[in-house]
Amino acid sequence: MADTLSPVYQARYGWDRRTAGVVVLSAVFTAVLLLPDMPLIARVLGLPLFGAGGLFMVYTALSRKVALRVDETGVFLGGNPARYGATSAHVPWGDITGFVLWRQAAGGTSLPYVGITRREGAPALPGDGPKARAVLRRLVPVPADVAVASRAVTGWRLDKDRLVAAVAHFAPGIPVRDHS
Numbered sequence: 051m052a053d054t055l056s057p058v059y060q061a062r063y064g065w066d067r068r069t070a071g072v073v074v075l076s077a078v079f080t081a082v083l084l085l086p087d088m089p090l091i092a093r094v095l096g097l098p099l100f101g102a103g104g105l106f107m108v109y110t111a112l113s114r115k116v117a118l119r120v121d122e123t124g125v126f127l128g129g130n131p132a133r134y135g136a137t138s139a140h141v142p143w144g145d146i147t148g149f150v151l152w153r154q155a156a157g158g159t160s161l162p163y164v165g166i167t168r169r170e171g172a173p174a175l176p177g178d179g180p181k182a183r184a185v186l187r188r189l190v191p192v193p194a195d196v197a198v199a200s201r202a203v204t205g206w207r208l209d210k211d212r213l214v215a216a217v218a219h220f221a222p223g224i225p226v227r228d229h230s
């Protein structure tokens, strides 16, 4: 994370409670699947799921890649660590009209997101397209434009106060709305 006195806000992938929990549960399930009396079908289906899933979460946490950065140039939305270059995007301040903190229902819980509202006609972001927008319109509680320019707060920690301070410093007048 950046110096606490710096107006730049940066969050990196790392260890959080959810990531640690997934890794521990994956390790437990993987160990159970390796017991001698476990059916072959359970091993064939479960080991790739829990073993690979747990390893991916460890990789994500250890990668320390930038998940979100707010600085004088705009906002950097870090992508999926497995396809970081293809899924990351930089949005300049001239394209940003606001921020939205929102939640997506996921089973019995919900997942927090940081989203950006952008001016009409702003360049497309990775993952944007008619099919993605059609799916997003049905699944998320925010407009598809916001969902495409959002990142899940998983595998990293969001400091709302520092985010708001950085936005106020670099783009006074740009609102940060908390719908979470």
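Take 51 as the starting number for the sequence shown in the numbering used here and just add one per residue.
Positions of the beta carbon are idealized from the N, C-alpha and C atoms, including for glycine.
* To do: Could you pull out every residue in the same chain whose Cβ sits closer than 7 Å to the Cβ of Trp206, ignoring the five residues on either side in sequence?
  => Ala61, Arg62, Tyr63, Gly64, Asp66, Ala117
* To do: Evaluate the contact criterion for the stretch 81-100 versus the stretch 128-140: three or more CB pairs, one atom per stretch, below 8 Å.
  => no
* Thinking just about the alpha-carbon of each residue, which of Thr110, Pro222, Val196 is nearest to the one in Ala70? -> Thr110
* Which of helix, strand or coil does DSSP assign to Trp152? -> strand
* Near Val203, which residues of its chain fall below 7 Å by C-beta distance, leaving aside the five closest residues on each side in sequence? -> Taking Val203 as the centre and dropping the five residues before and after it, the same chain places the C-beta of Pro162, Tyr163, Val164 closer than 7 Å to its C-beta, in chain order.
* Contact under 8 Å by Cβ, Gly124 with Pro98 -> no
* Thr167 and Val196 closer than 8 Å at C-beta -> yes
* Leaving out five residues before and five after Gly103 in sequence, what residues of the same chain have Cβ atoms less than 8 Å from its Cβ? -> Val72, Ser76
* **Touching by the beta-carbon criterion (3+ pairs, under 8 Å), the stretch 210-220 and the stretch 175-185** => No, because fewer than three Cβ pairs between the stretch 210-220 and the stretch 175-185 fall closer than 8 Å, the two stretches do not touch.
* For Ser230 versus Trp152, is the C-beta distance shorter than 8 Å? -> yes
* Secondary structure of Ile224, DSSP reduced to three states -> Ile224: coil per DSSP, three-state reduction.
* Given Ala216, which residues of its chain have a CB within under 8 Å of its CB, disregarding the five upstream and five downstream residues? -> Pro57, Val58, Tyr59, Val120, Asp121
* For the stretch 75-110, which segments carrying the beta strand (DSSP E) assignment without a break, of at least 3 residues, lie completely within its bounds, in sequence order? -> None, since the stretch 75-110 contains no complete beta strand (DSSP E) of that length.
* Thr137 lies in the beta strand (DSSP E); which residues open and close that run? -> Taken as a continuous stretch (DSSP letters only), Thr137 belongs to no beta strand (DSSP E), being part of the alpha helix (DSSP H) at 134-137.
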